[in-house]
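Position one of the sequence shown corresponds to residue 1 (full-length UniProt numbering), numbered consecutively onward.
Each residue gets a CB set at the ideal place from its N, CA and C atoms; glycine is no exception.
For reference, the structure is listed below as C-alpha cells.
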Amino acid sequence: MPRAERTMERLPQHSDPTSHASLGHGHGHGHASASAHHDLFPPPIRNMPDGNGFDFHIYFLQNNHRSVKSIKALHGSFRRAFPLTRMYPIQARPGGPHTAGMFEVNACTPAELGAVFAWLVVNRGEHSVLIHPHVGNAVKEHTALATWMGQPFPIDTEMLESFEDAMSRGTSRADLVKMREERQYELNAALESLRIE
1 MPRAERTMER LPQHSDPTSH ASLGHGHGHG HASASAHHDL FPPPIRNMPD
51 GNGFDFHIYF LQNNHRSVKS IKALHGSFRR AFPLTRMYPI QARPGGPHTA
101 GMFEVNACTP AELGAVFAWL VVNRGEHSVL IHPHVGNAVK EHTALATWMG
151 QPFPIDTEML ESFEDAMSRG TSRADLVKMR EERQYELNAA LESLRIE
C-alpha cells in the first residue's frame with residue numbers, strides 16, 4: 001500500500017484529508033481550532049483583555065538615509081497590510097531599552113502573531129526585528145525569550161532592570177512613564193554635554 005494511503009487510513013472517520021480543518025489550518029474559517037493555542041497564548045504569556053501577548057520592534061539606523069527612507073516605506077506598507085493591528089509611530093531616536101530608532105507592532109492573538117511574523121519575514125528588507133512575549137518580566141522578555149529576524153541590536157538591560165525594580169516596589173503605571181521620560185531627559189542632557197565645541 002502506498003504511504004499516502006496508509007496515512008489516510010489512520011485518520012479518524014470524520015476527517016477529510018483534503019480539508020484545511022483536518023490539517024489544523026481551519027482556524028478563522030468557521031471550523032473548530034485544531035489546538036487551544038490557535039486562540040490563546042500559552043501561560044505565562046498574557047492574553048487579552050490583560051494586554052497584547054507579543055511585541056515586534058522593527059529597527060532602523062537613524063543616521064543612515066537609506067535606512068530612514070526604508071523604515072518610512074515599511075511603516076506605511078505595514079499599515080496598509082494590517083489596518084486593524086495596533087502599531088505605533090516611528091520613534092526617530094533610541095528610547096527605553098531600544099538602542100536604535102524603531103516602530104512597534106503589537107500582536108494580541110496567536111493568529112495575528114503568525115500573520116505579522118510571516119509578513120515581516122517577506123517584507124522587512126534590511127531591518128532587524130525583535131519579537132518578544134509579555135510574561136511579566138521585562139528583562140527576560142527582551143533577552144532570554146526574545147526572537148530576532150536579522151542582526152540582533154543591543155538591548156539596554158540596565159533600563160529594564162530599573163523598571164522591574166520600580167514595578168516590584170508597586171510604582172504606578174503613570175509614575176513608571178514619568179520615570180522613563182525623566183531617564184530619557186537625563187540621558188539626552190548627558191549626550192549633549194559630550195559635544196565638543
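- Message: Helix, strand or coil for Tyr-59? Go by DSSP, reduced to three states.
- Response: Counting from 1 along the sequence shown, the entry for residue 59 is found at position 59. If DSSP states are grouped into helix, strand and coil, Tyr-59 belongs with the strands.
- Message: One question on the structure: do Thr-85 and Val-116 come within less than 8 angstroms of each other, judged by their Cβ atoms?
- Response: Counting from one through the sequence shown, the residue named residue 85 turns up at place 85. Counting from one through the sequence shown, the residue named residue 116 turns up at place 116. Yes.
- Using CA coordinates, which residue listed in Glu-112, Leu-61, Tyr-88 is at the minimum distance from Gly-101? Numbered from its first residue, the sequence shown carries residue 101 at position 101. Minimum Cα distance to Gly-101 is reached at Leu-61.
- Task: Any chance you could list the alpha helix (DSSP H) runs of at least 4 consecutive residues sitting entirely within the segment 68-142, in chain order?
- Result: 110-123, 138-142
- Item | Secondary structure of residue 220, DSSP reduced to three states | Look at the range of the chain in this structure, 1 to 197, and you will see that residue 220 is not part of it.
- Query: How many whole angstroms separate the CB atoms of Tyr-88 and Phe-153, which I take to be in contact at a CB cut-off of 8 angstroms?
  - Reply: Translated into the one-based positions of the sequence shown, residue 88 becomes position 88. Translated into the one-based positions of the sequence shown, residue 153 becomes position 153. Between Phe-153 and Tyr-88 the Cβ distance is about 17 angstroms, and since that is not below 8 angstroms, they are no contact.
- Would you grab the beta carbon distance between Ser-128 and Met-149 for me? Rounded to a whole angstrom, and I think it's under 8 angstroms. Position 128 of the sequence shown holds residue 128. Position 149 of the sequence shown holds residue 149. Yes, Ser-128 and Met-149 are in contact; Cβ-Cβ is about 7 angstroms, under 8 angstroms.
- Query: DSSP three-state call for Phe-54: helix, strand or coil?
  - Reply: What you label residue 54 is simply residue 54 of the sequence shown in a count that begins at 1. Three-state result, Phe-54: strand.
- Query: Going along the chain, which residues of its own chain have a beta-carbon closer than 6 angstroms to the beta-carbon of Val-177, five neighbours each way excluded?
  - Reply: Counting from one through the sequence shown, the residue named residue 177 turns up at place 177. The answer is none, since no qualifying residue turns up.
- Please report the Cβ distance between His-142 and His-132, rounded to the nearest whole angstrom; I am assuming they are in contact, meaning their Cβ atoms lie under 8 angstroms. Counting from one through the sequence shown, the residue named residue 142 turns up at place 142. Counting from one through the sequence shown, the residue named residue 132 turns up at place 132. 6 angstroms between Cβ atoms; contact.
- Could you tell me the boundaries of the alpha helix (DSSP H) in which Asp-39 lies? Taking the first residue of the sequence shown as 1, we reach residue 39 at position 39. That residue, Asp-39, is in no alpha helix (DSSP H); it is neither H nor E in DSSP.
- Task: Measuring alpha carbon to alpha carbon, tell me which of Ile-71, Ser-77, Gly-136, Leu-130 ends up nearest Gly-51.
- Result: Taking the sequence shown and counting its residues from 1, one reaches residue 51 at position 51. Of the listed residues, the one whose Cα sits closest to Gly-51 is Gly-136.
- Query: Thinking C-alpha only, which one of His-38, Ala-118, Glu-161, Gly-125 is nearest Ala-138?
  - Reply: Indexing the sequence shown from 1 puts residue 138 at position 138. For the residues His-38, Ala-118, Glu-161, Gly-125, the minimum Cα distance to Ala-138 belongs to Glu-161.
- Query: When we look at the beta-carbon of Pro-110 and count the other beta-carbons within 10 Å, is it buried (16 or more) or exposed?
  - Reply: For this step, residue 110 is matched to residue 110 along the sequence shown. When all chains shown are included, Pro-110 counts as buried.
- Nearest to Leu-40 (by Cα), restricted to the options Phe-82, Ile-155, Ser-77, Leu-113: Position 40 of the sequence shown holds residue 40. It is Leu-113.
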